[in-house]
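Step one of this worksheet: look at the structure below.
Numbering (this note's numbering), first residue to last: 111 to 601.
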C-alpha cells in the first residue's frame, strides 16, 4: 500500500513538472524536455557544439531548450544573432541570474551583471577609460610593445629548439592586462601569476563543464557538497587576491594623477564617496572580469594562430615577406602599420574566425516580453548565441570550414571584413576589450613573425586541430620549433 502511494505521488510530481515545462504559445520549437532535467540528456555536456548544429538542422536557426525548468533559446547564424543583439538590443541585453557563474559573480562586475543603470554606468566608465588610455607615462600601445619584448627574449631562449607555447602566451596576455589595470607585470612563471591562472582556469572549467550544467539544471542539488562548490570557493579566493592587490596599490598611487585603470577607478571613487554603485568590492569584481576576458581569449587565439601558421608554412612565409617589406629599416612595429599589411591582417582575422575562441559567447536573457524571428520570447528567457555557427556559416564565407586568409581578402587582394565576423559578439554587450585584443594580436603576431620562423616538429606526427571545449575553445597542447630570422634593423 505504501509503495503504491509513493508511486502515485511520484507520478503526480512528474506530471506537474511536465506541465510546467510545456512551451509557451508561439515559442521556438525544440526537443521535448524531460521533467526536472529539461534537455540535459539530449546534449553532450562535455561539448554540446555538435549537438547544437544537429538541433539547428532539425528545428531551424531559432530553437528552444530547457535548462532544467528554465527555458532557453539558441540563436544560430548571422541573421538571428544580429536581430537579437543589434536590431533589438534593448530587449536582449539582460544576463541570466540563476546560473552557477552568475551566482559566483553576485551581480557585480561588468560581464555578468544584469542590464540596467549599474551596468550602463560601469560600461561607460570602462569604455571611456580604455579608449583614453594615452595617460600617464605610457600609452596602451607602449605597454603591449614593452611586454612583447619580454616575450621575444623568452622565445630567444628556445631558438634552435622546441617549446610548448601554452604557458608563455598566457603569461604575456595576462601581463598586458595587469599593466593596463595596475601598471605592474610578473616574470614568466611567477608563483602569484601561476596561482591566479590556475584558480581562474579551474573555475571556468567547472562553470562551463558537466558539474556547472548539473548545478544550472538541478537546483535541488545546489546545497550538497559537490564539485561545483569548489568553483565558488575558488572565485572567493580570486576576489581576495585582487582585494589584496588593490590595497597594496593604494599605498603607492598619487590621487589625481592616474597611470592605469585602477588609479582611474579609485579617483572616481574618491569623487563619489559612498554615493552610487562604485566601490572597492565592485572594483575587485571588475578586475576579475577584465583579467579573465582579456587573458584567456587572447592567449587561446594566439595558440590557434601559431598552430595554423606552423602547419601552413606557405602562409607564414607570405606574412613574413609582407612584414619585411612594410617594416624595412624600422626598429619597431606599430599598430598603424596594419593598414599597409592587408595579407597579415587577413591572416590575423582568419585565425580569430577559425579559433571560435568563445563559441557560445556569454549568455543573454530577454529583459522583457518580446518577439524574435516571428516567435514570442517571454521575459527572463535565457538566450544562447551560437557565435561559432556565425563564424562558419555557409554563404557568409568563401571557405567557411577551412583555414584560408582569402575569407578576408577582396578580388584586389585588399583586406575586407565581413559583418559575420563577430568573435567578440555584437551590440551593446559586445566585448569591451575588443580594441585592446585587436592591438595585442596584431603587434604580437607581427613582432614574432618578424624575428622568428616557427615550424611543426618532424617527430610530432599529424597535427590535431580539434579544440578542447570550455567557456573558451583551447587548442590541444602542442610543441613548436623556433628559429631566429634577421633581427629588426635600427633606423
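Even for Gly, the Cβ is constructed at its ideal location relative to N, Cα and C.
| request: Please classify residue 595: does DSSP put it in a helix, a strand, or coil? | output: As a first step, residue 595 is located in the chain shown; it is residue number 485 there, counting from the start. In this structure, residue 595 counts as coil in the three-state DSSP scheme.
| C-alpha gap between residue 157 and residue 571, whole angstroms | Within the chain shown, residue 157 is the residue found at index 47, counting from 1. Within the chain shown, residue 571 is the residue found at index 461, counting from 1. Approximately 25 Å between the Cα atoms of the pair.
| request: Return the chain-ordered list of same chain residues with a C-beta closer than 6 Å to the C-beta of residue 149, the five sequence neighbours on each side being excluded. | output: Locating residue 149 in the chain shown gives position 39, counting from the first residue. The residues are 141, 143, 175, 176.
| query | Taking the Cβ atom as the reference point for each residue, do residue 365 and residue 425 lie within a distance shorter than 8 Å? | reply | Numbered from 1 along the chain shown, position 255 holds the residue referred to as residue 365. Numbered from 1 along the chain shown, position 315 holds the residue referred to as residue 425. Going by beta carbons, residue 365 and residue 425 fall outside the 8 Å limit.
| query | Are residue 419 and residue 575 close, meaning C-beta to C-beta below 8 Å? | reply | Here residue 419 corresponds to residue number 309 of the chain shown, with the count starting at 1. Here residue 575 corresponds to residue number 465 of the chain shown, with the count starting at 1. By the CB criterion at 8 Å, residue 419 and residue 575 fall outside the cutoff.
| Does the distance from the CB of residue 555 to the CB of residue 458 come in under 8 Å? | The count along the chain shown starts at 1 and reaches residue 555 at position 445. The count along the chain shown starts at 1 and reaches residue 458 at position 348. In this structure, residue 458 lies closer than 8 Å to residue 555 by Cβ.
| message | Could you check whether residue 463 and residue 410 sit closer than 8 Å to each other, using their CB atoms as the reference points? | response | Walking along the chain shown from the start, residue 410 turns up at place 300. Walking along the chain shown from the start, residue 463 turns up at place 353. The answer is no: Cβ separation not under 8 Å.
| query | Do you know whose CA, among 184, 466, 215, lies nearest residue 577's CA? | reply | Against the chain shown, residue 577 aligns to sequence position 467. For residue 577, the nearest C-alpha among the options comes from 466.
| message | Taking DSSP's pairing of strands, which residues face residue 492 in a bridge? | response | Sequence index remark: in the chain shown, residue 492 carries index 382 (1-based). According to DSSP, residue 492 bridges with 182, 475.
| request: Report all residues from its chain with a CB closer than 6 Å to the CB of residue 246; omit the five preceding and five following residues, and keep chain order. | output: Position 136 of the chain shown holds residue 246. Note that residue 246 scores a pLDDT of 40, beneath 50, so its modelled location is shaky; the value from the coordinates is reported in the next line. Result list for residue 246: 369, in chain order.
| Alpha-carbon spacing of residue 334 relative to residue 340, whole angstroms | In the chain shown, the residue the question calls residue 334 occupies position 224. In the chain shown, the residue the question calls residue 340 occupies position 230. The straight-line gap from Cα to Cα measures roughly 11 Å.
| field | Exposed unless 16 or more other CB atoms sit within 10 angstroms - verdict on residue 498 | value | Mapped onto the chain shown, residue 498 falls at position 388. Label assigned to residue 498: buried.
| For residue 517, does the three-state DSSP call read helix, strand or coil? | Locating residue 517 in the chain shown gives position 407, counting from the first residue. Helix at residue 517.
| Among 302, 583, 546, the one whose alpha carbon lies nearest that of residue 290 | Numbered from 1 along the chain shown, position 180 holds the residue referred to as residue 290. Closest option to residue 290, Cα to Cα, is 546.
| Residues of its chain near residue 560, where Cβ-Cβ distance is below 8 Å and the 5 sequence neighbours each way are ignored | Position 450 of the chain shown holds residue 560. For residue 560, same chain residues with a beta-carbon under 8 Å away, outside a window of 5 residues either side, are 430, 433, 434, 437, 443, 595, 598 in chain order.
| Taking the C-alpha atoms as reference points, what is the distance between residue 172 and residue 478? | Start at 1 with the first residue of the chain shown, and residue 172 comes out as number 62. Start at 1 with the first residue of the chain shown, and residue 478 comes out as number 368. So the two alpha carbons sit approximately 18 Å from each other.
| said: Quick check for students: name the residue ranges of the alpha helix (DSSP H) that lie wholly in the segment 225-269, counting only runs of 4 or more. | reply: 227-241, 250-266
| request: Inspect the beta-carbon positions of residue 136 and residue 485 and report whether they are closer than 8 Å. | output: The residue given as residue 136 occupies position 26 in the chain shown. The residue given as residue 485 occupies position 375 in the chain shown. Residue 136 places its beta carbon less than 8 Å from that of residue 485.
| Run of the beta strand (DSSP E) containing residue 563, from where it starts to where it stops | In the chain shown, the residue the question calls residue 563 occupies position 453. Counting along the chain, the beta strand (DSSP E) containing residue 563 begins and ends at 562-565.
| query | What's the gap between the Cα of residue 303 and the Cα of residue 296? | reply | In the chain shown, counting from the first residue as 1, residue 303 sits at position 193. In the chain shown, counting from the first residue as 1, residue 296 sits at position 186. Residue 303 and residue 296: Cα-Cα distance of roughly 7 Å.
| field | Whether residue 474 touches residue 539 by CB criterion (8 Å) | value | Counted from its first residue, the chain shown places residue 474 at position 364. Counted from its first residue, the chain shown places residue 539 at position 429. Cβ distance < 8 Å, so residue 474 and residue 539 count as in contact.
| Going by beta carbon distance, what residues of the same chain come within less than 7 Å of residue 399, once the five residues before and after it are set aside? | Along the chain shown, read from residue 1 onward, the residue named residue 399 stands at position 289. For residue 399, where only same-chain residues beyond five positions count, the Cβ hits under 7 Å are 219, 220, 221.
| message | Among 348, 549, 472, whose alpha-carbon lies nearest the alpha-carbon of residue 224? | response | Along the chain shown, one-based indexing puts residue 224 at 114. Comparing Cα positions, the closest option is 472.
| query | Quick one: what does DSSP say residue 54 is sitting in, helix, strand or coil? | reply | Coverage of the chain is limited to positions 111 through 601, which leaves residue 54 absent and any answer about it impossible.
| Reference residue 254; option with closest CA among 558, 588, 586, 549 | Within the chain shown, numbered from 1, the residue matching residue 254 stands at position 144. Its Cα nearest to that of residue 254, the residue 549 stands out among 558, 588, 586, 549.
| message | With H, G and I counted as helix, E and B as strand and the rest as coil, what does DSSP make of residue 437? | response | Here residue 437 refers to the residue found at position 327 of the chain shown. Reduced to three states, the DSSP call for residue 437 is helix.
| request: Rounded to whole angstroms, what's the CA-CA distance from residue 263 to residue 284? Just pull it up for me. | output: Residue numbering aside, residue 263 sits at position 153 when the chain shown is read from its first letter. Residue numbering aside, residue 284 sits at position 174 when the chain shown is read from its first letter. Using only the alpha carbons, I get a separation of about 17 Å.
| task | Assign residue 202 to one of three DSSP states: helix, strand, or coil. | result | By 1-based counting over the chain shown, the position of residue 202 is 92. Reduced to three states, the DSSP call for residue 202 is coil.
| request: Measure from the alpha carbon of residue 408 to the alpha carbon of each residue in 468, 483, 345, 500, then state which is nearest. | output: Against the chain shown, residue 408 aligns to sequence position 298. Measuring from the Cα of residue 408, the nearest candidate turns out to be 468.
| query | Quick one: what does DSSP say residue 584 is sitting in, helix, strand or coil? | reply | Reading the chain shown from its first residue, position 474 is the one you call residue 584. In the structure shown, residue 584 sits in a strand (DSSP, three-state: E or B).
| said: Using DSSP's beta-bridge definition, name the partner residues of residue 507. | reply: The residue given as residue 507 occupies position 397 in the chain shown. Looking at the DSSP assignment, residue 507 forms a beta bridge with 504.
| task | State buried or exposed for residue 197, treating a residue as buried only when at least 16 other CB atoms are found within 10 Å of its CB. | result | Position 87 of the chain shown, counted from the start, is the residue given in the question as residue 197. Under this definition residue 197 is an exposed residue.
| What are the boundary residues of the alpha helix (DSSP H) that includes residue 144? | Mapped onto the chain shown, residue 144 falls at position 34. Looking at the DSSP string, residue 144 is not in any alpha helix (DSSP H), and its letter there is neither H nor E.
| field | Under the three-state DSSP convention, the category residue 136 falls into | value | Numbered from its first residue, the chain shown carries residue 136 at position 26. Residue state, collapsed to three classes: coil.
| field | Burial state of residue 252, where buried means 16 or more other Cβ atoms lie within 10 Å | value | If you number the chain shown from 1, residue 252 lands on position 142. Burial call: exposed.
| query | For residue 147 versus residue 178, is the C-beta distance shorter than 8 Å? | reply | In the chain shown, the residue the question calls residue 147 occupies position 37. In the chain shown, the residue the question calls residue 178 occupies position 68. Yes.
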